[in-house]
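If you read the sequence shown in the numbering used here, its first letter stands for residue 34, the second for the next number, and so on.
Ideal placement from N, C-alpha and C gives every residue a C-beta, glycine not left out.
Predicted model, so just to flag it, every value in this text is computed and none were measured.
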Amino acid sequence: MKKTLSLTGFFALIILLSTCFFGCGKQTVTVNTIMQIDSSFSGQKVITCSFPNSMISSDQSKKQLAEIIKNNCPKDFSYGTKATDNGTSYIFTLSFTSKADYQNKIKDILSRDTSVALATPKTVLTKGIRYSEDFDTADLLKWLFDNINSANSPSYNYQKSINGSVVTIGGQNYETGSKIEINNVTGYAINNITVETTNNKNGLYDRNITYYLPRSTYNTLGQKLTDYFKSLTDSSAVYADWSQSGNTQEYQIRYRNLSLSDLNQYTQKALDTNNCSVSYNSVDTSTPLAEQYLFNENLSMLNFMGNNRSYVPLTYLYSLPSNAIPGDGTVFDSGSWVTKSSWPNGEYTLNISNCKTLNLRVPDGIHYDISGIRMKLYNNGGDNFTKTISFLYNSKTGQDGQDYCYGFLKAKKTDVSKTTEGDLLLCTVKISGSSDDINTQLGTLFGGGNYISYRENNVPFSLITKTEFKDSVNFSYMLTGNNINKPFTYTVYGSKGQQINSLKSEGKDFEDSKTLTYDSDGGMTVKISGGDSYITCNGSLPYMKNIIFYCIVSALLICITVLAIVLLKKRYAKRLHVLNREDFENEHA
34 MKKTLSLTGF FALIILLSTC FFGCGKQTVT VNTIMQIDSS FSGQKVITCS FPNSMISSDQ
94 SKKQLAEIIK NNCPKDFSYG TKATDNGTSY IFTLSFTSKA DYQNKIKDIL SRDTSVALAT
154 PKTVLTKGIR YSEDFDTADL LKWLFDNINS ANSPSYNYQK SINGSVVTIG GQNYETGSKI
214 EINNVTGYAI NNITVETTNN KNGLYDRNIT YYLPRSTYNT LGQKLTDYFK SLTDSSAVYA
274 DWSQSGNTQE YQIRYRNLSL SDLNQYTQKA LDTNNCSVSY NSVDTSTPLA EQYLFNENLS
334 MLNFMGNNRS YVPLTYLYSL PSNAIPGDGT VFDSGSWVTK SSWPNGEYTL NISNCKTLNL
394 RVPDGIHYDI SGIRMKLYNN GGDNFTKTIS FLYNSKTGQD GQDYCYGFLK AKKTDVSKTT
454 EGDLLLCTVK ISGSSDDINT QLGTLFGGGN YISYRENNVP FSLITKTEFK DSVNFSYMLT
514 GNNINKPFTY TVYGSKGQQI NSLKSEGKDF EDSKTLTYDS DGGMTVKISG GDSYITCNGS
574 LPYMKNIIFY CIVSALLICI TVLAIVLLKK RYAKRLHVLN REDFENEHA
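Laid out in structure tokens, this is it:
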């Protein structure tokens with residue numbers, strides 16, 4: 034009996050201790066999300082974070098939580114509090130007036146681009162609603178829980194319970210996860226859609242769009258289907274018709290020589306959406322020798338359905354003229370840009386088996402061959418210079434390159450000119466001013482690593498001023514392809530009266546005055562290999578202050594010497610006169 038009681042007491046003690054420890058365990062912060070959108074994508078997202086009393090039981094912990102939220106809540110959120118029987122709820126509200134406004138505010142909160150896709154198709158092929166986001170509620174509250182964790186408060190021993198979201202679209206409620214994904218559609222499946230783009234690099238584009246459907250769908254829907262696809266086709270199409278291949282019915286639309294705006298307009302029409310965009314712009318990586326562009330297209334495939342209510346498969350093809358050099362294409366996926374490059378037969382190719390939206394970037398450029406580069410630096414006296422940079426082109430093949438280089442530099446509001454020299458075409462930019470002035474312009478034109486500096490050193494009692502100017506040249510980034518090993522010469526000219534004593538470039542010394550070779554116009558030239566070099570030029574100028582000082586001192590010394598001689602002569606003459614008088618008196622005494 035005693036043994037039984039002992040065991041009973043032991044287990045009771047265990048239960049009591051377990052209860053005590055359980056009470057000291059982690060508390061649960063519950064998160065719920067409600068989102069409401071009207072037909073214009075105006076609405077609000079409301080996130081409620083419920084903190085239990087046990088977590089903020091003291092005034093200090095409540096105050097600390099309030100300070101955390103006050104100091105760190107993103108500006109796009111408004112917030113308030115609500116007391117409950119179990120604790121305190123913080124209610125964060127994000128209001129927006131459009132899809133673009135919503136995405137911009139989400140981008141501010143997450144510090145990254147996002148994908149938000151909504152479609153409500155009501156066509157012969159697809160009916161229903163689709164809505165998806167590539168972020169979840171936890172992402173939107175990361176700032177909050179990171180700062181709570183950093184507070185290191187013993188009372189903040191918690192765990193998160195992030196529940197799903199309720200989304201109201203057009204008055205209809207949909208329950209989904211904390212990462213919104215609504216795919217409530219019915220209809221007829223499309224096997225594949227192919228979008229082909231040709232960038233002609235003249236401001237005009239060709240586009241083919243082909244839909245692949247089961248033959249059975251074509252037979253079932255009949256005229257309704259043909260009327261629907263006719264509505265997706267603009268009258269400017271050069272071709273639009275059906276064809277059959279086995280059990281597949283194909284409908285293709287072909288457009289030729291479209292402007293960028295027409296390309297976007299007709300693509301939106303073909304995909305039955307207004308959520309497409311396209312751009313083609315010069316980018317910061319362009320140089321005077323190569324134009325760099327970025328093709329960016331965003332397509333929405335939400336108004337069509339694949340098998341088993343999936344998203345439709347997409348094949349995307351993009352091609353460029355043969356003289357354009359393409360770069361690695363990237364696709365926006367799960368919050369970041371991912372390199373997905375494939376150029377079989379010179380055509381960029383993407384195959385996406387389950388495509389909601391496509392946000393694609395493809396860079397390209399045209400590189401122009403040069404015959405060489407001439408860089409000249411003129412010292413106008415002291416810290417004042419003129420620098421000229423000439424890009425040389427073959428007169429028979431380089432006209433396009435010269436024109437592009439001139440346009441590139443002219444757009445930056447520089448002093449640039451086009452000239453002809455024998456069988457060469459020159460595009461020359463000229464920069465003048467102090468070293469600081471020139472460095473500012475060099476940075477704007479050619480980027481970092483291009484700068485000059487000037488220094489004078491006046492040695493005490495010396496009759497010369499030592500001068501030193503250094504020039505950092507960073508052009509290798511633009512010397513690609515056939516331009517890597519083209520001649521690049523650097524010539525320096527001293528100011529009036531300045532003697533160049535040494536010139537260094539890439540470790541090659543020309544300090545021995547006996548080996549210095551001057552150009553006929555008084556400059557000294559050195560070759561730059563690879564486009565990058567650090568050039569040091571040492572020279573000398575007459576130190577006029579010391580020269581004038583020594584001239585004055587010398588003149589004074591000469592004057593003093595002459596005066597001393599004159600005085601000595603006068604004294605000698607006087608002494609001689611006295612001696613002669615004494616001799617005369619002695620003779621007549």
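- G120 and F84 have their C-alpha atoms some 6 Å from each other.
- In this structure, N412 lies near G527, with their beta-carbon atoms less than 8 Å apart.
- Shown here, P247 sits in a strand according to DSSP, grouped into three states.
- Shown here for Y135: same chain residues with a beta carbon closer than 6 Å to its own, the five before and five after excluded, namely F129 in chain order.
- Fully enclosed beta strand (DSSP E) runs of no fewer than 3 residues occupy 111 to 116, 120 to 129, 149 to 152 and 159 to 166 of the region 111 to 177, in order along the chain.
- I181 places its beta carbon less than 8 Å from that of Y189.
- A check of alpha carbon separations from N217 across C570, I80 and F337 identifies F337 as the nearest.
- Three or more beta-carbon pairs drawn from the region 139 to 146 and the region 104 to 114 are found closer than 8 Å, and the two stretches are therefore classed as touching.
- Going by C-alpha positions, I202 is about 15 Å away from K160.
- With respect to the C-alpha of E229, the residue from R289, D361 and T126 having the closest C-alpha is R289.
- In summary, G398 is buried, with 16 or more beta-carbon neighbours lying within 10 Å of its beta-carbon over all protein chains present.
- By the Cβ-count criterion, E166 is buried, with 16 or more other Cβ atoms from all chains shown falling within 10 Å of its own Cβ.
- CA-to-CA, the gap between R604 and A597 works out to about 10 Å.
- In this structure I422 touches V462 by the C-beta definition: roughly 5 Å separates them, less than 8 Å.
- Residue ranges of uninterrupted alpha helix (DSSP H) with 4 or more members, entirely inside the region 189 to 264 and ordered along the chain, are 248 to 254 and 256 to 264.
- Around L458, the same chain offers Y426, S428, G431 and Q435 as residues with beta carbons nearer than 6 Å, after the five sequence neighbours per side are excluded.
- Counting only unbroken stretches of 3 or more residues, the beta strand (DSSP E) elements lying wholly within the region 349 to 434 are 363 to 366, 369 to 372, 380 to 385, 390 to 400, 405 to 412 and 418 to 427, in sequence order.
- Within the model, the alpha-carbon separation for L127 versus G76 is close to 9 Å.
- When secondary structure is reduced to three states using DSSP, M334 falls in the coil class, being assigned neither helix nor strand.
- Per DSSP, K59 lies in no alpha helix (DSSP H) segment and is marked neither H nor E.
- L177 places its beta carbon less than 8 Å from that of I102.
- In the DSSP assignment, N104 falls within the alpha helix (DSSP H) that extends over D92 to N105.
- Residue state for F508 is assigned as coil, using DSSP reduced to three classes.
- Take the alpha-carbon of Y299 and the one of E208: they are about 35 Å apart.
- In chain order, P346 place their CB closer than 6 Å to the CB of S386, counting only its own chain and leaving out the 5 sequence neighbours on each side.
- Distance between G339 and F168, taken at the CA atoms: about 24 Å.
- L258 is not a Cβ neighbour of T281, given a cutoff of 8 Å.
- For T453, the enclosing beta strand (DSSP E) starts and ends at D448 to E454.
- Secondary structure of I67 (DSSP, three-state): strand.
- Secondary structure remark: continuous beta strand (DSSP E) runs of at least 3 residues inside the region 272 to 301, in chain order: 272 to 278 and 281 to 291.
- A distance below 6 Å between beta-carbons, with the five flanking residues on each side excluded, links Y221 to the following residues of its chain, in chain order: L158 and T250.
- Note that the region 433 to 448 does not touch the region 357 to 373; fewer than 3 beta-carbon pairs, one per stretch, sit closer than 8 Å.
- Taken through DSSP and simplified to helix, strand or coil, N516 comes out as helix.
- The region 324 to 335 makes contact with the region 300 to 308; the number of CB pairs closer than 8 Å reaches 3 or more.
- Straight across, the Cα-Cα distance linking V506 with N356 is about 29 Å.
- Taken through DSSP and simplified to helix, strand or coil, D470 comes out as helix.
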